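Peer 1: Dropping a structure here in structure tokens format, bear with me for questions.
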Amino acid sequence: MNTELEITNRELSDLQNLYSSDTEKYKKRINELLKQLDDARKYESTTKIDEQLNMLSEFNELKSRYEQIIIEHEASISKLNEEHADVIAVKDNLIRCLQREKEDLSNQFTDFKKEAQNTLDTVQQHLLNTREEIVSIVNENNNLNVSNVKRSQQIDSIIISVSHLPQISDWIKGNPDDDGYAPGTFHRWCDDYGAPTLIVIKLTDSCQIIGGYNCFSWKSPLIFATTQHDEHAFIFSLCDKDGNREKAKIARPKRIKKNHYNSKKGSFDLQLQNRLCYCKQRDYDDSITDHSGLFEFDDFEIF
Numbered sequence: 001m002n003t004e005l006e007i008t009n010r011e012l013s014d015l016q017n018l019y020s021s022d023t024e025k026y027k028k029r030i031n032e033l034l035k036q037l038d039d040a041r042k043y044e045s046t047t048k049i050d051e052q053l054n055m056l057s058e059f060n061e062l063k064s065r066y067e068q069i070i071i072e073h074e075a076s077i078s079k080l081n082e083e084h085a086d087v088i089a090v091k092d093n094l095i096r097c098l099q100r101e102k103e104d105l106s107n108q109f110t111d112f113k114k115e116a117q118n119t120l121d122t123v124q125q126h127l128l129n130t131r132e133e134i135v136s137i138v139n140e141n142n143n144l145n146v147s148n149v150k151r152s153q154q155i156d157s158i159i160i161s162v163s164h165l166p167q168i169s170d171w172i173k174g175n176p177d178d179d180g181y182a183p184g185t186f187h188r189w190c191d192d193y194g195a196p197t198l199i200v201i202k203l204t205d206s207c208q209i210i211g212g213y214n215c216f217s218w219k220s221p222l223i224f225a226t227t228q229h230d231e232h233a234f235i236f237s238l239c240d241k242d243g244n245r246e247k248a249k250i251a252r253p254k255r256i257k258k259n260h261y262n263s264k265k266g267s268f269d270l271q272l273q274n275r276l277c278y279c280k281q282r283d284y285d286d287s288i289t290d291h292s293g294l295f296e297f298d299d300f301e302i303f
């Protein structure tokens with residue numbers, strides 16, 4: 001029985017989703033995890049105790065058998081002592097051998113008992129730490145307000161990996177299938193989300209991943225997401241349509257005023273609307289796609 005209870009990023013995400021959507025299922029799942037942990041700890045403790053008891057029983061049986069041998073042969077050995085002097089040495093040697101074997105078994109059992117106790121202590125501590133981790137997660141999620149979540153400490157993405165963006169240490173996952181792709185929805189996810197903001201987009205029927213980076217929080221006036229000057233903003237393509245990372249491209253702003261937005265109007269280098277992504281080189285120094293125009297996309301994520 002595996003006494004290790006691991007909580008993956010996916011399971012943590014599922015717990016958060018259950019907490020937001022179905023409190024009863026969330027509580028039920030937490031109780032299941034805690035029960036699994038308790039069962040594992042009980043099983044491990046019972047198994048170790050049974051092993052120790054079995055070893056002790058075998059030792060006692062062996063001890064009794066040797067003692068009985070000594071008792072049964074004591075009278076014969078005493079009689080032989082009177083007749084043959086050399087038998088005394090045989091008796092003494094036999095007794096010494098039996099005593100040494102008894103001591104060896106006793107020492108082996110003592111060593112085993114110590115090792116078993118250390119193992120049991122280690123397992124119990126591991127289970128205790130795991131339980132405390134789960135309780136901590138539960139307590140944290142009991143106070144969770146999804147609208148206030150700004151940061152997480154791991155990257156969880158179906159589009160990019162750590163090898164794509166090792167500098168990203170905080171993340172939050174967008175799910176456009178649930179909320180749609182309208183610019184208003186986009187800004188509900190992004191606006192005042194914290195700085196910096198990064199978006200990655202997986203194009204349909206292609207391995208290409210494109211996106212944009214903005215040092216400021218997103219804002220939503222009628223046309224542009226923000227007019228803050230951001231000379232560090234950039235748009236990029238992590239690879240070409242065949243997934244070749246050697247073809248990665250980055251474009252930096254040549255005009256700062258309007259270099260990051262998503263809106264229904266205006267000119268743009270990168271825009272999301274409905275199920276389409278529009279790319280056209282204008283305010284940045286290069287195009288991130290092979291040609292300008294509309295592209296369908298499968299998914300996008302915001303960090």
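Terminal number for the sequence shown in UniProt numbering: 303, no gaps in between. For glycine and all other residues, C-beta sits at the position ideal for the given N, C-alpha and C. In this text, all values refer to a predicted model and were calculated from it rather than measured experimentally.
(1) Can you tell me whether THR289 is buried or exposed, with buried defined as 16 or more other CB within 10 angstroms of its CB?
(2) Alpha carbon to alpha carbon, how far is SER20 from GLU11? Give it in angstroms, no decimals.
(3) Just mark ASN31 as buried or exposed, buried being the case when its beta carbon has 16 or more other beta carbons within 10 Å.
(4) Suppose you measure from the CA of MET55 to the CA of GLU101; what does that come to, to the nearest Å?
(5) Inspect the beta-carbon positions of GLN273 and SER237 and report whether they are closer than 8 Å.
(6) Give the range of the beta strand (DSSP E) segment to which TYR213 is assigned.
(7) Classify GLY212 as buried or exposed, calling it buried when 16 or more other Cβ atoms lie within 10 Å of its own Cβ.
(8) Select from LEU37, ASP38, SER13 the residue whose C-alpha is nearest the C-alpha of TYR26.
(9) Go through its chain and collect everything with a Cβ distance to PHE109's Cβ below 8 Å, but skip five positions before and after it.
(10) Assuming LEU270 and ILE235 form a contact by the criterion Cβ under 8 Å, report the distance between their Cβ atoms to the nearest whole angstrom.
(11) Apply the 10 Å Cβ neighbour rule to GLN16 and answer buried if 16 or more other Cβ atoms are within range, or exposed otherwise.
(12) What does ILE250 pair with, by DSSP beta-bridge criteria?
Peer 2: Answer, in terms of the structure:
(1) As a first step, residue 289 is located in the sequence shown; it is residue number 289 there, counting from the start. So THR289 ends up on the buried side.
(2) Here residue 11 is taken as the residue at index 11 of the sequence shown, counted from 1. Here residue 20 is taken as the residue at index 20 of the sequence shown, counted from 1. Cα to Cα, the separation comes out at about 14 Å.
(3) Taking the first residue of the sequence shown as 1, we reach residue 31 at position 31. Label assigned to ASN31: exposed.
(4) The count along the sequence shown starts at 1 and reaches residue 55 at position 55. The count along the sequence shown starts at 1 and reaches residue 101 at position 101. Each residue's alpha carbon lies about 16 Å from the other.
(5) Locating residue 273 in the sequence shown gives position 273, where the first residue counts as 1. Locating residue 237 in the sequence shown gives position 237, where the first residue counts as 1. Contact flag unset, no.
(6) Translated into positions along the sequence shown, residue 213 becomes position 213. Run containing TYR213: 209-214, per the beta strand (DSSP E) assignment.
(7) Taking the sequence shown and counting its residues from 1, one reaches residue 212 at position 212. Buried, by the Cβ-count rule.
(8) Position 26 of the sequence shown holds residue 26. Among LEU37, ASP38, SER13, the Cα nearest to that of TYR26 belongs to SER13.
(9) Numbered from its first residue, the sequence shown carries residue 109 at position 109. Excluding sequence neighbours, PHE109 sits near MET55, LEU56, PHE59.
(10) Residue mapping note: residue 270 aligns to position 270 of the sequence shown, counting from 1. Residue mapping note: residue 235 aligns to position 235 of the sequence shown, counting from 1. Indeed they touch by this definition, with Cβ atoms about 5 Å apart.
(11) Against the sequence shown, residue 16 aligns to sequence position 16. So GLN16 ends up on the buried side.
(12) For the purposes of this step, residue 250 is taken as residue 250 along the sequence shown, with counting starting at 1. Its beta-bridge partners are PHE236.
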